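S.K.: One structure, pasted below without further comment.
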Amino acid sequence: MCGIFGCILRKGDAAPIIHAALKRLEYRGYDSVGEATIEEGKIHVKKDAGSIDEVHQIRNLDNLPGRIGIGHTRWATHGAPTQANAHPHVGCLEQPEIAVVHNGIIENYAELKKELEDSGHIFRSKTDSEVIAHLIEDTLTNIRREKIKSKSTVHSDFERAVLSAVQRFQGSYAIAVLSAKEPDTIICARHESPLVLGIADDALYLASDIPAFLPLTNRVIYLESGELAVLKSNTFKVTKIASRSEVFPEPKIIDWAPEMAEKQGYPHFMLKEIIEQPSCIRNTLRLQDKYLELITTFMDRAREVIMVACGTSYHACLAASYMFSKLSFLATHPVIASEFVEQHGKSVNIDSTILTVSQSGETADTLAAVETARQRAATILGLTNVVGSTLTRVSRVYIGQQSGPEIGVAATKTFTSQLSVLSQLAIRLAKKRGKVSQEEIDLLEDNIERIPDIVENIIETQHKKVENLAKKHKDKQCFFFLGRGISYATALEGRLKLMEIAYVPSIAFPAGESKHGPISLIQPGFPVFFICPPDDTRKTLIGNIMEMKARGASVIAICEEGDENIIDLVDDYIEITKGIPEVLSPIPYVIPLQLFAYHMALERGCDPDKPRNLAKSVTVK
Ligand code: AGP
């Protein structure tokens with residue numbers, strides 16, 4: 000997730016406006032930043048790796064000439080944070096004609112890049128986004144070469160070039176483009192990635208999100224996916240990319256306070272991040288094939304695979320260990336990072352492969368475990384959300400979870416994004432090892448594509464029910480979270496959420512363990528969550544539910560919709576869409592638990608975004 004911005008002023012300097020706007024988009028990404036403006040038919044660019052303040056300190060982002068410009072604050076997905084990889088990207092010309100900023104993932108960038116390189120284009124970065132600048136430049140050249148002036152007076156060459164280029168993209172994009180030859184025009188377009196226009200009396204703005212220009216105007220036009228807008232000094236035009244037909248959207252008046260706008264109107268980042276999980280999971284389904292292939296090749300050849308992580312990331316590893324075992328017939332060992340040296344410090348060796356999972360890529364315990372493993376010549380693989388983090392530098396190969404900055408201290412979209420990547424690795428490894436039938440692979444791949452919509456449906460249909468459940472149990476002093484098999488990982492994650500943001504003591508363990516001690520805690524009204532997808536463990540789990548009910552527990556089941564056998568047994572239930580394969584179940588089944596923890600925090604007067612005693616990234620051991 001990155002932040003893009005653009006503005007055309009009637010008069011005055013665009014650069015300081017762009018700089019301030021990017022600061023208001025910093026929550027969308029902050030590992031590199033850049034701006035481009037036009038003055039007297041010349042494009043001026045400043046960009047570098049580093050936070051907005053760091054780059055401004057070095058390069059003075061306010062000091063660019065011209066009243067028209069674009070800007071970008073980056074959250075790296077392809078290519079580490081470097082000056083070359085920072086946006087705006089320009090084409091090949093020494094004196095750039097085109098400058099582009101982009102938020103999204105161009106899935107087919109590799110083939111487009113090869114086509115352009117074969118026709119002589121020279122790329123400067125490792126990003127997918129740079130291909131946009133070269134493709135528009137190349138298309139413009141072809142349009143001029145054909146000397147086919149625009150048959151319609153509606154579209155200029157510049158607009159035709161952008162219209163033509165965007166139709167070749169696969170994936171998601173929100174772009175803004177400048178052309179030195181059309182110095183009073185910005186063209187922007189979106190597919191899936193967000194893009195809004197701000198309409199002021201003396202200026203026009205475009206941005207990934209409203210906060211960028213909310214202090215300047217509250218008249219907003221939400222561009223629809225598949226639309227392109229041409230902004231000129233005192234007018235704008237919106238076109239459907241596919242049909243090239245003009246549309247006339249009405250501006251809306253936004254009455255949010257700027258701070259509220261950063262959360263897109265949600266009261267907390269945590270709720271915003273729970274609700275944006277479908278789009279994050281869609282992003283993980285656009286992973287570059289080569290990274291999946293590389294990681295699974297190393298895993299396939301390994302003598303032993305140890306997964307190392309902390310907290311939520313450890314829970315993702317635990318769930319993944321069931322995926323790798325059931326699908327790829329590969330035994331993996333999930334280990335809590337702070338225990339790694341004690342457990343494996345002496346045995347890890349050159350034949351060991353360490354799959355390290357860390358959203359921040361900076362967790363001290365995790366990096367300490369990695370360092371021990373590296374010293375003993377083990378192969379380090381990484382899964383992280385922060386490209387350019389320490390983990391990406393110490394990993395032989397890494398893959399990004401691509402879920403954009405997670406501001407809330409409690410990891411939510413991290414868990415489901417990590418699981419989406421890990422399940423794709425397990426499926427690919429299963430294919431590689433020939434352990435499951437093509438029919439099973441097809442079913443899994445079809446279902447993984449359904450997951451974002453399923454998560455969206457759960458949030459829409461079950462949110463209110465979960466909120467009421469929190470009201471019902473808001474004064475309870477302890478909760479159990481139980482599951483069997485892969486659902487034990489889901490239970491652990493639900494417990495962690497409730498503990499860390501609502502400060503409720505909670506216990507999670509495999510449901511089969513109840514009778515080996517913990518059930519002694521049960522007394523009438525004691526709340527017990529059961530995670531019960533219709534998998535092989537369901538039958539025995541029903542017995543565990545009966546055990547709890549017999550002692551007066553208040554049982555809450557997260558079960559498949561319409562599962563009468565469970566529903567008839569329990570006090571409350573949350574329904575999950577039918578037909579999700581067991582190995583993918585933690586992704587949808589955790590959603591109600593995230594929402595429950597969030598609403599319990601509200602009921603108990605806690606701040607879900609800033610829980611006491613906790614930091615977003617634990618960089619101390
Ligand atoms: C999860 O809600 C917590 N914030 C915490 O357990 C976190 O998952 C853990 O510190 C690991 O962080 P990492 O993924 O950045 O390494």
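Residue numbers (numbering that gives the first Met the number 0): 0 to 620. Cβ atoms here follow ideal geometry from the backbone N, Cα and C, with glycine treated the same way. Bear in mind that the values here come from a model prediction, so they are computed numbers and not experimental data.
#1: Strictly closer than 5 Å from CB to any heavy atom of the ligand AGP: give me those residues in the order they appear in the chain.
#2: Quick check: what's the CA-CA separation for L8 versus L230?
#3: If you draw a straight line from the C-alpha of I379 to the C-alpha of T72, how long is it?
#4: Assuming S232 and D183 make a contact with CB atoms under 8 Å, what is their CB distance in whole Å?
#5: Classify P333 as helix, strand or coil using the three-state DSSP reduction.
#6: Who are the near neighbours of A469 in its chain, counting only those whose CB is closer than 7 Å to its CB and skipping five residues on each side?
#7: Whole beta strand (DSSP E) runs in the segment 284-326 with 3 or more residues, listed along the chain?
#8: How about E245 and T234: do their beta carbons lie closer than 8 Å?
#9: Alpha carbon to alpha carbon, how far is T140 from G381?
#10: By DSSP, does F157 sit in helix, in strand, or in coil?
#11: Tell me which same chain residues have a C-beta within less than 7 Å of the C-beta of A241, skipping the five on either side of it?
#12: Among the residues of its own chain, which have a CB less than 7 Å from the CB of P15, if the five just before and after it don't count?
#13: Which whole-angstrom value describes the C-beta separation of K615 and V454, a residue pair presumed to lie in contact below a C-beta threshold of 8 Å?
#14: Hey, could you find the ends of the alpha helix (DSSP H) V386 is sitting in?
#15: With H, G and I counted as helix, E and B as strand and the rest as coil, what does DSSP make of V381?
#16: Quick one: measure Cβ to Cβ for F122 and K113, integer angstroms, because I've assumed they're closer than 8 Å.
#17: Just to confirm before moving on: does the CB-CB distance between N84 and G78 stay below 8 Å?
#18: Rounded to whole angstroms, what's the CA-CA distance from I294 to L326? Just pull it up for me.
#19: My guess is that F529 and V554 are in contact by the Cβ rule of under 8 Å, so how many angstroms apart are they, rounded?
#20: Assuming contact is defined by CB atoms lying nearer than 8 Å, are A48 and T81 in contact in what I supplied?
#21: Can you tell which of G578, A315, I42 and E39 has its C-alpha closest to the C-alpha of L418?
#22: Under 8 Å Cβ to Cβ from S118, same chain only, skipping five residues before and after it: list those, please.
#23: Could you tell me whether the segment 469-489 touches the segment 579-596, using the rule of 3 or more Cβ pairs below 8 Å?
#24: Flag H598 as yes if its beta-carbon sits less than 8 Å from any beta-carbon of chain D, otherwise no.
#25: From the DSSP output, which residues share a beta bridge with E39?
#26: Nearest by alpha-carbon distance to Q358: which of V435, S171, E341 and I398 is it?
#27: Please report the residue range of the beta strand (DSSP E) in which H71 lies.
#28: So, are the CB atoms of Y588 and I557 less than 8 Å apart?
#29: Over the uninterrupted beta strand (DSSP E) stretch that includes L8, give me the two end residues.
#30: For the pair the segment 455-475 and the segment 536-543, tell me if three or more CB-CB distances fall below 8 Å.
#31: Tell me the rounded alpha-carbon separation between A318 and T331.
#32: Would you kindly work out how many angstroms separate the C-alpha atoms of Y313 and I42, rounded to a whole number?
#33: Over the uninterrupted alpha helix (DSSP H) stretch that includes L495, give me the two end residues.
#34: Scan the segment 413-475 and note each continuous alpha helix (DSSP H) run of 4 residues or more that stays entirely inside, going in chain order.
#35: Taking E258 as the reference, which of E223, L213, I220 and D288 has the closest Cα?
M.R.: The answer reads as follows:
#1: Ordered along the chain, the selected set is C309, G310, T311, S312, S357, Q358, S359, T362, A409, A410 and V617.
#2: Computed Cα separation, rounded: 11 Å.
#3: Cα-Cα distance, rounded: 30 Å.
#4: The Cβ separation is near 5 Å, so the contact holds.
#5: It is a strand residue.
#6: Cβ neighbours of A469 beyond the five flanking positions: F595, H598, M599 and E602.
#7: Listed in chain order, they are 303-308.
#8: Contact: no.
#9: Spanning the two alpha carbons is a distance of roughly 42 Å.
#10: Residue state for F157 is assigned as helix, using DSSP reduced to three classes.
#11: Excluding sequence positions up to five before and after A241, its CB lies within less than 7 Å of the CB of G225, all in the same chain and listed in chain order.
#12: Only D61 meet the Cβ criterion.
#13: The pair is not a contact, with the Cβ atoms about 23 Å apart (cut-off 8 Å).
#14: For V386, no alpha helix (DSSP H) encloses it, and the DSSP letter there is neither H nor E.
#15: Looking at the sequence provided, one finds Gly at residue 381 rather than Val. Correct three-state label for G381: strand.
#16: Contact flag wrong, Cβ pair sits at about 10 Å.
#17: Taking a C-beta distance under 8 Å as the contact criterion, N84 and G78 qualify as a contact pair.
#18: Answer to the nearest angstrom: the Cα atoms are 16 Å apart.
#19: Going by Cβ atoms, the distance from F529 to V554 rounds to 6 Å, so yes, they are a contact pair.
#20: Yes, the pair counts as a contact, with Cβ atoms nearer than the cut-off.
#21: Of the listed residues, the one whose Cα sits closest to L418 is A315.
#22: D137.
#23: In short, these stretches touch, since the Cβ pair count reaches three.
#24: Given the protein chain composition of this structure (a single chain), no chain D is represented.
#25: The bridge partners DSSP lists for E39 come to none.
#26: Measuring from the Cα of Q358, the nearest candidate turns out to be I398.
#27: First-last of the beta strand (DSSP E) with H71: I67 to R73.
#28: Contact: yes.
#29: Boundaries of the beta strand (DSSP E) harbouring L8: G2 to L8, taken from the DSSP string.
#30: No contact exists between the segment 455-475 and the segment 536-543.
#31: Rounded to the nearest angstrom, the gap between the Cα atoms of A318 and T331 is 11 Å.
#32: Cα to Cα, the separation comes out at about 47 Å.
#33: Unbroken alpha helix (DSSP H) run through L495: S486 to A501.
#34: Counting only runs of at least 4 residues, the segment 413-475 fully encloses the following alpha helix (DSSP H) elements, listed from N- to C-terminal order: 437-472.
#35: Scanning E223, L213, I220 and D288 for the CA closest to the CA of E258 turns up L213.
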